[in-house]
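Protein chains: 2
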Amino acid sequence: MMLSDKVLENLKNSSWIRAMFEEGNKLKAIYGADKVYDFSIGNPEVEPPEEVFDALTEIAEDQTPGTHRYMPNAGYPFVKEAISKKLSNKYGTDVSADNICMVCGAAAGLNVVLKSILNPGEEVIIFAPYFAEYKFYIGNGGGEPVVVETDEDFNIDTEAFKKAVTPKTKAVLINSPNNPTGVIYSEEQLRELADAIGEMEEKFGTDIFLLSDEPYNEIVYEDRELPVVFNLFDKAIVVNSYSKSLALPGERIGYIAVSPEIPDCATLMAAIIFNNRTLGFVNAPAISQRLVAKAVDASVDSGIYKERRDLLYNGLTELGFECRKPEGAFYLFVRSPVENELEFVKTAQKYNILVVPGRGFGRSGFFRMSFCIDIETIRRSLPAFRELAKEYFS
Amino acid sequence: MMLSDKVLENLKNSSWIRAMFEEGNKLKAIYGADKVYDFSIGNPEVEPPEEVFDALTEIAEDQTPGTHRYMPNAGYPFVKEAISKKLSNKYGTDVSADNICMVCGAAAGLNVVLKSILNPGEEVIIFAPYFAEYKFYIGNGGGEPVVVETDEDFNIDTEAFKKAVTPKTKAVLINSPNNPTGVIYSEEQLRELADAIGEMEEKFGTDIFLLSDEPYNEIVYEDRELPVVFNLFDKAIVVNSYSKSLALPGERIGYIAVSPEIPDCATLMAAIIFNNRTLGFVNAPAISQRLVAKAVDASVDSGIYKERRDLLYNGLTELGFECRKPEGAFYLFVRSPVENELEFVKTAQKYNILVVPGRGFGRSGFFRMSFCIDIETIRRSLPAFRELAKEYFS
């Protein structure tokens, strides 16, 4: 075979999100962009906050020699200091700049962390429904994903979790606020998970990392407090990105933050920095690093997303659709009115409505809608949903 | 073990370049920056050309909505078009925009390509001396590096190459202008290599890709013409970066260009784009993409590097050091006056001179000097070299 067999196999099962995104582009070409209701992709429609544009102007004016050269692979010390300080002020953590590595976004951060901790065949537990790319990241690190179902409210089922742990379990990967469900795990739930991890570590004599993927940490509604994983787990690694909080997904910027309580965390940091280099990231883009340092206290207004959530959630539930109200992030994970959600997704396309099948996230019978889109599109979509609903509820 | 055993092992054999770079920082803290002659790292001291700064100002002023959002994983179509046109005008190639994928620099590009073509245990041939990171990139893709020695002028030894090919050989990775030797392979040499590859493909009934890593393609002296690999090899993949040509190493921007002659190159492109996404790069940074599109015809003045090369090359050879004169890139690969170059490197440190041992590039008995540094530092280093030379030549 001329190419990697594994990659060819993955290509065949390619991303549902991307497939729907491309279907949307086709429909838009036929019917016009304003007649297509594309809820497929999480590409923030909101613009970066003013602080980001001001920062970019400052950077463009700065002709200090060396501004665009290599810096240490972990990132500029002043950028890591700014983030360390923010974490300390906002969450009361004591993660020093030495325990932070700047990365090219959360996808990069997760690949780097997994490659640093996994030996071949070691297992990483993820909770369904999950962000589909996790399985690829774990595979890239040489590990095996182990899927544990959440309960019907999409909360962690601690008993199911404990049953899934084996002597090969190396990490548990959580995502809160969650893509695709919008769930935020409560402090109580996370404490229960931490206890379960401790119990399993004792049982098997192993060490299990808690990886927390937090790109939606600033997209939170009704002022929900996000529990701080550093204060709840003794081997916590946080991966974050500014793709959503500063609406900069194209600029590929985020960070890894490692709990100082991890034994020999200096070696873990060395491994992370080594992999950041040799996996080919080398360093997070210099301009993006400067941007987030200058705009470290800024974030997009989550009220903009709340308005969209309320309009869509209320509109759909009034029509008879069932859905847990998202507490964060910008997705609705809706129960399909027919068991086979592929059938529903196809029917929706007749009304120029694009949503992503739940099986793309490891849970059939549901579909995901991304509401980080123009509010007028959401408004215009509601009559189309009304027609669609008539096919199922009457 | 808490971390990846493989990574821990690699950490122990960590980069010589980085080790010397850190030694340099220590010496600078003791003796003052102007008293230390640091030839360890290839971090361009030259600033980006004016076109890049103008482009950045334009980008900062542009408040068109969507400028910092996700774009297709392969990059902006208009950026790929600009590069396709440049390749066509400058090299007479017919690589269309569809056969280009924007990546986060050449290190990213090589990781993405290798992951796309390699099955577990397949082999990639590299020529010593080589850029040390290649071995890690090949390992990340699941392959095995096979090292072939070059001749004493650092040219490709085609007979040695043919002996190293096996049924598992999937690719040959070349780097011209070369790091660490500064060699540019002639058209004749590359034609010989292409013939040898064809012969071996026939012998084993296999397909062998030619991967060409060309980040130094604009750093060329005496107007040497660079042979165009697309015109010489039938399965050529070029990986390039703007780290050197636009002096933007911190901004992580480059591209993969795939020969349209590769059978089913559309599937290869799909695999490349898939891996660009799932390895965690997602896309090359948006600002960096716009920068290179706007400055596509610009490049740093290689005359600046020529001046440094001449000063250092003449200075060292007059003192008795032996070295092939670099035709491109910004490194001298110098024969150590004692067989064990580690001994020489240590002695040089006594004179505050930092160079990298040749074994870091797979060839002992030599040392590498990077001359992309301030010309005054080079000038000031010559008396120190004179003293150092006295220990060996008299």
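First to last, the sequence lines map onto chains A and B. For what it's worth, the numbering used here labels the leading residue of the first sequence as 1, then goes sequentially. For what it's worth, the numbering used here labels the leading residue of the second sequence as 1001, then goes sequentially. Each residue gets a CB set at the ideal place from its N, CA and C atoms; glycine is no exception.
In the structure shown, the three-state DSSP call for B/Pro1357 is strand. For B/Lys1162, the enclosing alpha helix (DSSP H) stretches over residues 1158 to 1164. The beta carbon of B/Pro1357 sits closer than 7 Å to those of Trp1016, Glu1341, Leu1342, Val1345, Phe1367, all from its chain and outside the five residues before and after it, given in chain order. Per the coordinates, the alpha-carbon of A/Phe281 lies some 45 Å from the alpha-carbon of A/Leu388. Excluding residues up to 5 positions away in sequence, Ala295, Ala298 lie with their Cβ nearer than 6 Å to the Cβ of A/Glu51 in the same chain.
Within the segment 266 to 285 of chain A, the residues whose Cβ lies closer than 7 Å to some Cβ of chain B are Thr267, Leu268, Ala270, Ala271, Phe274, Asn275, Thr278, Leu279, Gly280, Phe281, Val282, Asn283, Pro285, listed in chain order. Taking the C-beta atoms as reference points, B/Phe1039 is found nearer than 8 Å to B/Met1369.
Only residues of its own chain outside the window of five on either side were considered, and among them Glu307, Arg308, Leu311 have a CB closer than 8 Å to the CB of A/Ile375, listed in chain order.
Identification of residues in the segment 102 to 122 of chain A having a C-beta nearer than 7 Å to some C-beta of chain B yields Cys104, Gly105, Ala107, Ala108, Leu110, Asn111, Lys115, Ser116, Ile117, Leu118, Asn119, given in sequence order.
Not a single C-beta of chain A is nearer than 8 Å to the C-beta of B/Ala1164.
In the DSSP assignment, B/Val1220 forms a beta bridge with B/Gly1328.
Runs of the alpha helix (DSSP H) lying entirely within the segment 176 to 252 of chain A and spanning at least 4 residues, in chain order: 187 to 204. In this structure, the beta-carbon distance from A/Ile125 to A/Ala164 falls below 8 Å. For A/Lys135 and A/Phe321, the gap between their C-alpha atoms comes out near 29 Å. For a Cβ distance threshold of 8 Å, residue set Asn119 of chain A lies close to B/Asp1005, ordered along the chain. Collapsing the DSSP output to three states places B/Gly1141 in coil. In summary, A/Lys390 is exposed, with fewer than 16 beta-carbon neighbours lying within 10 Å of its beta-carbon over all protein chains present. A straight line joining the alpha-carbon of A/Glu188 with that of A/Lys12 spans about 41 Å. Contact between the segment 1103 to 1114 of chain B and the segment 233 to 248 of chain A is absent, with fewer than three C-beta pairs closer than 8 Å.
Counting only Cβ-Cβ distances below 8 Å, B/Thr1057 has contacts in chain A at Ala60, Glu61, in chain order.
Excluding its 5 nearest sequence neighbours in each direction, A/Arg191 has C-beta neighbours in its own chain below 7 Å: Leu232, listed in chain order.
Interface annotation, A/Asp207: in contact with chain B, CB-CB separation under 8 Å.
If you draw a 10 Å sphere on the C-beta of A/Thr93, you find 16 or more other C-beta atoms in it, and that means buried. With a threshold of 8 Å between beta carbons, B/Pro1337 makes no contact with chain A.
The beta carbon of A/Gly362 is closer than 7 Å to those of Ala128, Pro129, Tyr130, Val147 in its chain, skipping five residues each way along the sequence.
In this model, B/Val1334 and B/Asn1175 are separated by some 18 Å (Cα to Cα). Sequence-distant partners of B/Ala1293 (beyond 5 residues in either direction) whose C-beta falls short of 6 Å from its own C-beta, in its chain, are Val1079, Ala1082.
Chain B has a Cβ within less than 8 Å of the Cβ of A/Asn10.
Taking the Cβ atoms as the reference, B/Ile1237 lies roughly 7 Å from B/Ile1256, within the contact range of under 8 Å.
Shown in chain order are the members of the segment 22 to 49 of chain A whose Cβ falls below 9 Å from a Cβ of chain B: Ile41, Gly42, Asn43, Pro44, Glu45, Glu47, Pro48.
Under the three-state reduction of DSSP output, A/Phe371 falls in the coil class, being neither helix nor strand.
Interface with chain A (8 Å Cβ-Cβ cutoff): B/Arg1308 is excluded. Bridge partners of B/Tyr1037 according to DSSP: B/Ile1353. With respect to the C-alpha of A/Gly42, the residue from A/Asp195, A/Arg379, A/Val355, A/Gly139 having the closest C-alpha is A/Val355.
For the C-beta of B/Ala1247, the chain A residues within less than 9 Å are, from N- to C-terminus, His68, Arg69. Cβ-Cβ distances below 6 Å link A/Ser241 to Gly105, Ala106, Pro215, Gly254 in the same chain, with the five nearest sequence neighbours on each side left out; the list follows chain order.
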